Amino acid sequence: MAETLGFIGLGAMGAPMSRRLIEAGYKVIVADLDKAALDKAIALGAEAAASPADVGSKAETVLVSLPTPDVVKQVALGPNGVAEGSRVKTFIDLSTTGPRAAIDIANGLKAKGIVPMDAPVSGGVGGAVKGTLAVMVSGDRATWERLEPVFKVIGKPFFVGEEAGQGQTMKIINNLLSATAMAASAEAFVMGAKAGLDPDVMVDVISAGSGRNTAVTDKFPSAILTRSFDYGFRTELMYKDVKLAIDEAEALGVPMWIGQMVKQWWSYAYSRGGKTEDFTNIIRYVEEPVGVEVRGRRNTKPE
Ligand code: NAD
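Numbers given in the numbering used here equal positions in the sequence shown, counted from 1, plus 28.
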């Protein structure tokens, strides 16, 4: 019989990841503050727990997909946290928390006899639904080998290293590049639109050319040219990831000229868009002073 897994955080990413685990035959014990998210998971076959501690009393392996480092720490080690559970042996963090928080949380978990694993993911909600996420795992090698089949249900796992935080460093480097591509592509597309170029043609040309990046191949066609701004990742979270990357670069003594500017762009978008806005809205803050709109003509929303 497949192992029982705990899963805490059933948001944009956690809902589809936990769904895939249920569909793969795992018994999944879930917790979330949002009752609607919990009800959806129960309807798919998950079993609800009363608290993170209760999840840790019902499953040896607990995965979390939570918004910020502080929330992960609270859920792992706070009052009524996973570490208070009676069965938990392994804690897998799928969230983006940065290496410093990951090391801090890992030390707290190790002190309680729990094996910590970093496993942040990349590939967006679409990748979570399809099970094609890049999963960046670090921690104990034997635990990685044992849990590889679980990671394979949610995507393509990579073993980054045995140190706590290494998977997180990999992830924030990835997201710094993703954030850079988004901000730079927004400026480039507004320039093209102002000059009279057709945004659909720009997507086709750049996707076949050397300017190709995931903002242009995926995010622009599905959420910007459609003006739906619903890709499934919040500006708040992108800003968090860029800040984590720049903080880490500073701690390592690595200059980040471009990275600092990218951070300013996301800080500005966050100040304009607040906590709930999708990150694809960043282009609106480039369009606004220029007086153009990057709108497509064809329906490019994926099924
Ligand atoms: P989300 O805000 O949609 O989901 C977070 C979930 O956690 C929500 O359901 C919320 O109710 C729940 N939650 C918050 N605090 C809680 C607590 N104390 N106890 C229990 N549940 C709690 O966020 P998301 O977009 O799913 O992102 C989750 C993590 O994955 C973040 O760290 C994010 O940076 C990362 N990530 C997101 C994407 C994406 O495209 N959305 C891609 C890769 C990585």
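Glycine included, C-beta positions come from ideal geometry on N, C-alpha and C. Only a predicted model underlies this, so the values are computations on that prediction, with no experimental measurement involved.
Open item on the list: Looking only at its chain, what residues have a beta carbon closer than 8 Å to the beta carbon of E190, apart from the 5 residues adjacent to it on each side?
Closed with: Translated into the one-based positions of the sequence shown, residue 190 becomes position 162. The answer, listed in chain order, is S166, G167, D168, R169.
Task: Cβ neighbours of V103 in the same chain (closer than 7 Å, five flanking residues each side left out) - done: Residue mapping note: residue 103 aligns to position 75 of the sequence shown, counting from 1. Cβ within range, chain order: I36, P80, V92, L94, G109, V110.
Open item on the list: When you measure from the CB of F186 to every non-hydrogen atom of the ligand NAD, does any distance come out below 7 Å?
Closed with: Position 158 of the sequence shown, counted from the start, is the residue given in the question as residue 186. Checking the Cβ of F186 against the ligand NAD gives no.
Task: Beta-carbon proximity list for Y313, same chain, < 6 Å, skipping 5 on both sides - done: In the sequence shown, residue 313 corresponds to position 285, counting from 1. These residues qualify, in order along the chain: A297, R300.
Task: Beta bridge counterpart(s) of A162 as assigned by DSSP - done: Stepping through the sequence shown from its first residue, residue 162 is reached at position 134. Answer by DSSP bridge pairing, in chain order: S150, K184.
Open item on the list: Please list the terminal residues of the continuous beta strand (DSSP E) segment that includes T245.
Closed with: The residue you call residue 245 lines up with position 217 of the sequence shown. That residue, T245, is in no beta strand (DSSP E); it is neither H nor E in DSSP.
Task: Residue of A78, V149, N309 minimising C-alpha distance to A162 - done: Numbered from its first residue, the sequence shown carries residue 162 at position 134. The option with the nearest alpha carbon to A162 is V149.
Open item on the list: Please determine whether the Cβ atom of S250 lies at a distance below 7 Å from any heavy atom of the ligand NAD.
Closed with: Sequence index remark: in the sequence shown, residue 250 carries index 222 (1-based). Because no heavy atom of the ligand NAD lies under 7 Å away, the Cβ of S250 does not count as near it: no.
Open item on the list: Is any non-hydrogen atom of the ligand NAD found closer than 7 Å to the C-beta of Q332, if you look at the structure I gave you?
Closed with: What is shown of the chain runs 29 to 331, which leaves residue 332 out entirely.
Open item on the list: So the candidates are G152, G113, L105; which of them puts its Cα closest to the Cα of A129?
Closed with: Taking the first residue of the sequence shown as position 1, residue 129 is located at position 101. Of the listed residues, the one whose Cα sits closest to A129 is L105.
- [ ] Tell me whether V153 counts as near the ligand NAD, meaning its Cβ is closer than 7 Å to at least one heavy atom of that ligand.
- [x] Stepping through the sequence shown from its first residue, residue 153 is reached at position 125. V153: yes, Cβ under 7 Å from the ligand NAD.
TODO: Please confirm whether any heavy atom of the ligand NAD lies closer than 7 Å to the CB of D62.
DONE: In the sequence shown, residue 62 corresponds to position 34, counting from 1. For the ligand NAD, at least one heavy atom lies less than 7 Å from the Cβ of D62.
Open item on the list: Under DSSP, the alpha helix (DSSP H) around R122 begins and ends at which residues?
Closed with: The count along the sequence shown starts at 1 and reaches residue 122 at position 94. The sequence as given places Leu at residue 122; Arg does not occur at that position. Here L122 belongs to no alpha helix (DSSP H), and DSSP marks it neither H nor E.
Task: Every unbroken beta strand (DSSP E) within the stretch 267-318, with a cutoff of 3 residues, ordered by chain - done: none
Open item on the list: Among the candidates R255, D269, R325, whose CA atom is the shortest distance from the CA of I311?
Closed with: Along the sequence shown, one-based indexing puts residue 311 at 283. Of R255, D269, R325, the residue nearest in Cα terms is R255.
TODO: Say whether the stretch 269-279 touches the stretch 195-205, bearing in mind that this needs 3 or more beta-carbon pairs closer than 8 Å, one atom from each stretch.
DONE: yes
- [ ] Verify the contact flag: L49, CB atom, against every heavy atom of the ligand NAD, threshold strictly below 7 Å.
- [x] Sequence index remark: in the sequence shown, residue 49 carries index 21 (1-based). L49: no, Cβ never under 7 Å from the ligand NAD.
Open item on the list: Only counting the same chain, and skipping five residues up and downstream in sequence, which positions put a Cβ closer than 7 Å to that of G159?
Closed with: Reading the sequence shown from its first residue, position 131 is the one you call residue 159. Hits under 7 Å: R48, V181, I182, G183.
- [ ] Check whether the Cβ atoms of A77 and L33 sit closer than 8 Å, and answer yes or no.
- [x] Numbered from its first residue, the sequence shown carries residue 77 at position 49. Numbered from its first residue, the sequence shown carries residue 33 at position 5. Contact flag unset, no.
Open item on the list: Considering only DSSP beta bridges, list what A59 is partnered with.
Closed with: As a working note, residue 59 is residue 31 in the sequence shown. BP columns for A59 point to I36.
Open item on the list: Quick check on K291: buried or exposed, where buried means 16 or more other Cβ atoms within 10 Å of its Cβ?
Closed with: Mapped onto the sequence shown, residue 291 falls at position 263. Answer is buried; the Cβ neighbour count reaches 16.
- [ ] Please state whether DSSP places G109 in a helix, a strand or coil.
- [x] Position 81 of the sequence shown, counted from the first residue, corresponds to residue 109. Note: G109 maps to coil in three-state DSSP.
Open item on the list: Quick check on M145: does DSSP put it in helix, strand or coil?
Closed with: Start at 1 with the first residue of the sequence shown, and residue 145 comes out as number 117. Residue state, collapsed to three classes: strand.
Task: CB contact flag (G193, D121, <8 Å) - done: Position 165 of the sequence shown holds residue 193. Position 93 of the sequence shown holds residue 121. Taking 8 Å as the Cβ cut-off, G193 and D121 do not qualify as a contacting pair.
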